[in-house]
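Protein chains in written order, with the working numbering: chain B, 624 to 1019; chain F, 624 to 1019; chain H, 624 to 1019; chain X, 624 to 1019.
Step one of this worksheet: look at the structure below.
Protein chains: 4
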Amino acid sequence: MQEINIAMIGGGFMGKAHSLAYAAMPMFFWPSPARPIKKIIVDVTDDLARTAAERYSWDGYSSSWRDVVNDPGIDVIDIATPNNLHAEIAIAAAEAGKHIICEKPLAPTAGEARRMYEAAQKAGVVTAVAFNYRRTPAVALAKKYIDEGAIGTILNFRGTYLQDWSADPNSPLSWRFQKDIAGSGAVGDIGSHVVDLARYLVGEISEVTSLVSNFIPDRPLQSGGFDALGGSSTSDGPRGAVDVDDEAMSLIKFRNGAVGSLEATRNAWGRNNYITFEIHGTEGSIFFNYENRDELQVAFKNDRADRRGFRTVYTGPNTPYGESLWPIPALGIGYSETKIIEAHDFLKAVAEGGTVEPNFADGYQAALVDDAILESGRTGEWVRVPDVTDPNATDV
Amino acid sequence: MQEINIAMIGGGFMGKAHSLAYAAMPMFFWPSPARPIKKIIVDVTDDLARTAAERYSWDGYSSSWRDVVNDPGIDVIDIATPNNLHAEIAIAAAEAGKHIICEKPLAPTAGEARRMYEAAQKAGVVTAVAFNYRRTPAVALAKKYIDEGAIGTILNFRGTYLQDWSADPNSPLSWRFQKDIAGSGAVGDIGSHVVDLARYLVGEISEVTSLVSNFIPDRPLQSGGFDALGGSSTSDGPRGAVDVDDEAMSLIKFRNGAVGSLEATRNAWGRNNYITFEIHGTEGSIFFNYENRDELQVAFKNDRADRRGFRTVYTGPNTPYGESLWPIPALGIGYSETKIIEAHDFLKAVAEGGTVEPNFADGYQAALVDDAILESGRTGEWVRVPDVTDPNATDV
Amino acid sequence: MQEINIAMIGGGFMGKAHSLAYAAMPMFFWPSPARPIKKIIVDVTDDLARTAAERYSWDGYSSSWRDVVNDPGIDVIDIATPNNLHAEIAIAAAEAGKHIICEKPLAPTAGEARRMYEAAQKAGVVTAVAFNYRRTPAVALAKKYIDEGAIGTILNFRGTYLQDWSADPNSPLSWRFQKDIAGSGAVGDIGSHVVDLARYLVGEISEVTSLVSNFIPDRPLQSGGFDALGGSSTSDGPRGAVDVDDEAMSLIKFRNGAVGSLEATRNAWGRNNYITFEIHGTEGSIFFNYENRDELQVAFKNDRADRRGFRTVYTGPNTPYGESLWPIPALGIGYSETKIIEAHDFLKAVAEGGTVEPNFADGYQAALVDDAILESGRTGEWVRVPDVTDPNATDV
Amino acid sequence: MQEINIAMIGGGFMGKAHSLAYAAMPMFFWPSPARPIKKIIVDVTDDLARTAAERYSWDGYSSSWRDVVNDPGIDVIDIATPNNLHAEIAIAAAEAGKHIICEKPLAPTAGEARRMYEAAQKAGVVTAVAFNYRRTPAVALAKKYIDEGAIGTILNFRGTYLQDWSADPNSPLSWRFQKDIAGSGAVGDIGSHVVDLARYLVGEISEVTSLVSNFIPDRPLQSGGFDALGGSSTSDGPRGAVDVDDEAMSLIKFRNGAVGSLEATRNAWGRNNYITFEIHGTEGSIFFNYENRDELQVAFKNDRADRRGFRTVYTGPNTPYGESLWPIPALGIGYSETKIIEAHDFLKAVAEGGTVEPNFADGYQAALVDDAILESGRTGEWVRVPDVTDPNATDV
């Protein structure tokens, strides 16, 4: 079996998730398209990197992503750093001929995303962007229903991503609240997942109008951990300004004529990882809520009138990816499984010399949507979303 | 006990609901503020009216609403006709000094609503508009939480009203799909309920931007029954044009700084009477779904971290209106109960010479929001919602 | 239209519910099988009865049920007193040739129930026992599915009725906790409803084994109100002994070979009126929860493997009783509607000289099951349930 | 970090799950109590074992479990074979001084379980039995609530495990339907999990009475795969007799005075891995459904009357095991995580020379309950459950 040598840039939460995915991928997908070799992991200091290598079972470690990117023994660069480093690393990796998987959002701005996309295009490497939620089996099942025409022509898509881990004004000012690192707030961090789901399930978004809000103008300065989600609150220390959005709500038009809405907020007490979509078609409807991710709800117009209503379908061996996962439905899909599937689909493309979606074109297109959402939030106007192929789509 | 003599204009579905409400009101609310006397019911023909009187237990019947409105023995006019008759009847009733309860939306256009409002103002009569869903005990409980500050300052309100009874292109072209009778489609018919809930729970809406869609351009011509909801489908008879909207989605701003979204659609397969709202505040969140109307969900920021999450509260004796309804929670709130409470609150105001909400001012204000939604749907711009007190709010 | 003159014995919660039902029945069911005339209502004092008559719109009132039972102007006796009075009133009514509807359980013991049943048999009057929950449209839909064979041969039935209104040891010692009045505790009060649902949906129960528990041995003595459900707690006044069960759990066998379980408890914090059943058949399953009573869940074996799962069907015009109720699904079924349907089905039988189920035979059979549950709780043995036709079923 | 050398006996579904757990354990739990080394995996043929080693990343493979059990380089034997091999392997492993983790149920009969328990006792090795569902974070949270007294004294526990993967009479006759291999049907396979949850959360079970049923008397003979769950149906090939139960329902008494019920069935169309429990205490209630395993529902008596109801708590960093798992609630707990936690708790005990629960004593005690359930199913009597320390508990 072909071996693929991987270097992981970033030893935080995502480093953990990706390490698990590489270890588990062939256990789930067998025969496996390739054997991922966890060669080297990079973190900001040697100490952090050494610990990450030990914890996540990587052969080696480094504190220099540049060295690693240029290491001829490496086939794949996996980028899980804060957003502002994505472009520099990815472009260097592309230039070094490495295949690349990058955490989402692809970059803080569409301009940077474009540079990444173009560098990868030029280098001809395989790319992926880690919008893992479309790998949830129930989401893949929704896609299958749509492709089969089971709900007819899509009229409307509503997507939400609601969280509360930072709804407390005393949760710390991590990089996710700083524009120069993150690019945007809820829009890029979680809204981009909803944009990806909309594009995956319905098609390209052509126009948006938005309401973009900041509710918490400052937060306690954070010492230590770089990538903290949530974390302890300190209410009386010094505070720093938040210069990104907490919430964005949009109305959208798709190129194919469907309409819809998107919402992302970090201020929804009681909602944790509430990624939902509801899709209405001429022949039926679909509802999904990631918090109950083993199940997909689907309603069919043509069910007998006294037996019609949303069906709660549990994913399992009979649904997409199911034969590779667990032997019966509802045994339990977790975050791990979404990442294992993602690793499989990417590595399969690398092994076979193909492509995978979502790739850098998708990440760039999603960034164009994000930028349009933010621009509409500023102007109050409907904003057209350009296409990745449009040379005037954005400044590089 | 004071008797209040009522005339009911309209013997359809709403005539039934209101008749039940008058019969049951003192059974629930005791001591009762007044005894409603079901004096006379009006329908378009004598035959229909006679049958309605017999079925709904009215003392008399008539096919002339004008005679009834001018009958000195009548105290209250209850209007449950198609929307295009509301203004004429209500204005005549006001001029005759009758108190008035009118089904929603108050009128097909804000202009007509204004004339009704001004006529009632001038006459000094008690008015009510039948946005009954705010009378659901769970909705009244949400209002109580908000008024108590239980969820803090409101950041965001999202309301939906999704239905599918007319999602089939072969469901008949009733008056609800004809602009000259209904004024608008989903916006006035069901969206107005969501507007009422938003205003009741959060406050006045100041601006909207909207996407307004028609999905089904023509429907089979309907013979017979005036007010059919749903009904049998005929696929090969002659069809007539639908000139109203099937769906409207809006982003909204409230005067108090909160933001939100509204959605109304008749094309949501699997959704029946899916009136929901989710409200995020600085201290908690509320979620309501009318399809499970005995319950309200509420999450509190300050619950202990390992015991925090949406609470499913069933309304009953300890919640608003509860002492008058059923002795234990979840015994069962139906459509009837919302109408019984509505009748009580209106008749209490009549008996005591007070006022009740929502009244014609509210109905007019809701119509101004509806008109703004429709206008934004045409222009793609944010549209300011005037206040009922604004002399330039709308043409009369 | 035929008039049926009714006398109501009991002016409490059930007096209210039945009064509403009689007023509303022809509004819902039209053409109506009869017009119920609310002739006279009886309570324990003239004052209470007079108030009840005024509140619930009865023509007259009385404090003597005996006079009323023998009044030649009365056609129907409606019994809604505490359980220990059912037999005496019903037998007198039967002997006077009156048709009878009686609240559940039919009597405190199977022996008394038998006497009622035999008296009614002898008199040839129409009888009904008010197990109203089988009148919930979603329950009637479950029955329809079963009768159509939609879930195949029934293997298993599990029914529950969980409440918490008296889970607090300081809720008052109403008659429902006194054996000489109520006969039993949770078994008769709420368990009997589950027994009725089991018999209605699956068939006759042949054997039971049970665990019967009392958790709260004494409660505060209650002053005043006779029929309080819940009510205020007083923690330091005098207390009296509870001599009935708080909970009963049973395994059951049906005559047709199906098996099952029944559970009734008043000590389930967080459950209000949690009447549920889940039925597994060879071709599908059904689940119902009264707390969300507009909906029924049904799963079909033969649905395509990747589209199989419980369907959430909302009752409405296309499901049993639906044409008489509200025009679209989920508009709202409440307690009222179950009672209105019950009144209709009973009065139709009276008007047409037919029979209705559940009648006194059913009430007696349910009492035989209840007695078997209690006996098994004492002995720990499986107890055979006799048939109503068995002359040795119980002592009279 | 201490290394622990593991040998895995069995390369099926459980081999996969355990392999993933060993790979991922230190990624989640850090600093890790030990580093598991996946030394050798055993399957019935060399070919199967070689493939398993490659797929699941084991250093070596073998088709002789005896050789492996006696290999001095092995510290831990992990048994994931069909039930009838558990005892022989475990006893040999104990005699060789190996620590042992064994899949559930511990053995086909309590007698065999006793021999395993006694052998391990004698050898003084660390043991564990893989009732992984108590490792679900939400179940651990339920345990925490109970230990804190949050729901008071427990009155009642109801547990269910409902599935439908073999509800089709044409699903194949795998070893799970053969008494000589499996010992029992639903009782041991899935009911034992519910017994484990009952013992974990409430305490020892002292008595049971049961209804045990077989619904499908024969199934198609299966060629090939040993451990198939579900699998393709063949309707016209030769069939073999099923000599185990499809369903068991029990009433139970706990030694501490609580009561309850248990149900396990494989014939519940629409239920997939429906492991639920509902617990009523004097101060509150708990509800759990594994199909929505990220959440636990809890109701508290002492919540304010108008804010009382089941809270839906999502497990995350603030709940048991949460700091080691994912950074926010509802990111996603799957089957993997339950197995990773299980591996951690077992290996920690091995590394530290401690003990872990559930161990062979628990597995034996659960088998005693299972045997009592089966015996009561035969006799119809209440059956006392002996204690593991009782020398007459069962024949060896």
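C-beta atoms are modelled at their ideal positions from N, C-alpha and C, and glycine is treated no differently.
For residue i, the nearest candidate out of the options (CA to CA)
{"i": "F877/X", "options": "R862/X, T776/X, H641/X", "result": "T776/X"}
{"i": "T1017/H", "options": "T1002/H, R1001/H, E1004/H, D993/H", "result": "D993/H"}
{"i": "T978/X", "options": "E965/X, A644/X, A990/X", "result": "E965/X"}
{"i": "Y944/X", "options": "L991/X, A990/X, D866/X, K766/X", "result": "K766/X"}
{"i": "G683/X", "options": "G720/X, N707/X, G634/X", "result": "G634/X"}
{"i": "R737/H", "options": "E711/H, V867/H, N755/H, H722/H", "result": "E711/H"}
{"i": "A733/B", "options": "G1003/B, T888/B, Q988/B, D869/B", "result": "Q988/B"}
Beta carbon proximity, residue i to chain X, threshold 8 angstroms
{"i": "G847/B", "result": "For G847/B, the predicted structure reports a pLDDT of 49, less than 50, and the residue's modelled location is therefore unreliable. A value from the coordinates is still provided. Not one chain X Cβ lies under 8 angstroms of G847/B."}
{"i": "V921/F", "result": "yes"}
{"i": "G932/F", "result": "yes"}
{"i": "M939/B", "result": "The sequence given here has Gly at residue 939/B, not Met. Closer than 8 angstroms to some Cβ of chain X, the Cβ of G939/B qualifies, so yes."}
{"i": "T935/F", "result": "yes"}
Any chain C beta carbon closer than 8 angstroms to residue i
{"i": "N915/F", "result": "In the structure shown, chain C does not exist; the protein chains are B, F, H and X."}
Rounded Cβ spacing between residue i and residue j (contact assumed at less than 8 angstroms)
{"i": "A742/B", "j": "A713/B", "result": "7 angstroms"}
{"i": "H709/F", "j": "A730/F", "result": "5 angstroms"}
{"i": "A751/X", "j": "E726/X", "result": "That pair is no contact at about 10 angstroms."}
{"i": "I627/X", "j": "D701/X", "result": "I627/X to D701/X, Cβ: 11 angstroms. No contact."}
{"i": "E906/F", "j": "I774/F", "result": "5 angstroms"}
Spatial distance of residue i from residue j (CA atoms)
{"i": "A647/X", "j": "A871/X", "result": "36 angstroms"}
{"i": "S815/F", "j": "F636/F", "result": "18 angstroms"}
{"i": "I663/H", "j": "S680/F", "result": "19 angstroms"}
{"i": "I996/X", "j": "D812/F", "result": "59 angstroms"}
{"i": "A864/B", "j": "I804/B", "result": "14 angstroms"}
{"i": "A672/F", "j": "V835/F", "result": "38 angstroms"}
{"i": "L643/X", "j": "G860/X", "result": "37 angstroms"}
{"i": "R781/H", "j": "G893/H", "result": "20 angstroms"}
{"i": "I956/X", "j": "E946/B", "result": "20 angstroms"}
{"i": "D850/H", "j": "M631/F", "result": "In this predicted model, D850/H has a pLDDT of only 48, less than 50, meaning its place in the structure is not dependable; the value taken from the coordinates is given anyway. If you take the alpha carbons of D850/H and M631/F, they lie about 37 angstroms apart."}
{"i": "S908/F", "j": "A746/B", "result": "49 angstroms"}
{"i": "N941/H", "j": "W788/F", "result": "11 angstroms"}
{"i": "S873/B", "j": "I660/F", "result": "50 angstroms"}
{"i": "K802/X", "j": "N793/X", "result": "19 angstroms"}
{"i": "D841/X", "j": "A928/H", "result": "23 angstroms"}
Residue-chain proximity (residue i, chain B), Cβ-Cβ < 8 angstroms
{"i": "T905/H", "result": "no"}
{"i": "L778/F", "result": "yes"}
{"i": "S999/X", "result": "no"}
Any C-beta of chain H under 8 angstroms from that of residue i
{"i": "S959/F", "result": "yes"}
{"i": "G853/F", "result": "In this predicted model, G853/F has a pLDDT of only 45, less than 50, meaning its place in the structure is not dependable; the value taken from the coordinates is given anyway. Judged by the 8 angstroms Cβ criterion, G853/F is in contact with chain H."}
Test: residue i CB closer than 8 angstroms to a CB of chain F
{"i": "Y784/H", "result": "no"}
{"i": "G772/B", "result": "no"}
{"i": "N693/B", "result": "no"}
Bridge-paired residues (DSSP) for residue i
{"i": "Y897/B", "result": "L785/B"}
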